[in-house]
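Okay, so the sequence shown: first residue is 48 according to my numbering, each after it adds one.
Ideal Cβ positions, reconstructed from N, Cα and C, are used throughout, including at glycine.
Reviewing the structure listed below.
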Amino acid sequence: MAARLILLGRLADLAGTPELAVPLGDAAQIDWPGLLALLPAALAEAATGPKIRLALNGAVLADKTTLIARSGDELALLPPVSGG
Numbered sequence: 048m049a050a051r052l053i054l055l056g057r058l059a060d061l062a063g064t065p066e067l068a069v070p071l072g073d074a075a076q077i078d079w080p081g082l083l084a085l086l087p088a089a090l091a092e093a094a095t096g097p098k099i100r101l102a103l104n105g106a107v108l109a110d111k112t113t114l115i116a117r118s119g120d121e122l123a124l125l126p127p128v129s130g131g
């Protein structure tokens with residue numbers, strides 16, 4: 048069982064890929080600390096930044112620490128938007 052993590056911008060660069068499968072283990076769900084523990088160190092550190100937002104199934108969470116993802120869910124780490 049797994050969830051899908053979409054990475055955008057510099058977060059995708061840090062991971063070396065725009066998408067990761069997040070294994071959920073026996074609990075069949077994952078929370079914010081569990082997700083961070085599965086990410087490469089540089090990506091996990093960047094993801095904790097206050098300007099990085101987290102979306103679950105298309106809805107941006109007001110607080111990343113409230114995350115509870117289940118099998119088949121889509122997560123997205125969203126860096127600040129920039130450009131012209």
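Cβ-based neighbour list, residue i, same chain, cut-off 7 angstroms, excluding 5 preceding and 5 following
i            : result
proline 127  : Lys98
alanine 89   : Leu61
aspartate 78 : Leu114 and Ile115
alanine 104  : Just to set this straight, residue 104 is asparagine in the shown sequence, not alanine. Here the set comprises Asp120 and Glu121.
Spatially closest choice to residue i from the options, by CA coordinates
i              : options                 : result
proline 70     : Thr64, Ala84 and Leu58  : Ala84
glycine 56     : Ala50, Thr64 and Asp120 : Thr64
isoleucine 115 : Pro80, Leu90 and Ala62  : Pro80
Other residues of its chain near residue i: CB distance less than 6 angstroms, five sequence neighbours each side excluded
i            : result
arginine 117 : Gln76
leucine 67   : Leu52
arginine 100 : Val107 and Leu125
Limits of the unbroken beta strand (DSSP E) element including residue i
i            : result
glycine 70   : At residue 70 the sequence reads proline, which differs from the glycine that was named. Counting along the chain, the beta strand (DSSP E) containing proline 70 begins and ends at 66-70.
aspartate 78 : 76-78
Extent of the continuous alpha helix (DSSP H) run through residue i
i          : result
alanine 89 : 88-94
Own chain, CB closer than 8 angstroms to residue i, minus 5 neighbours either side, in chain order
i          : result
alanine 91 : Leu83 and Ala84
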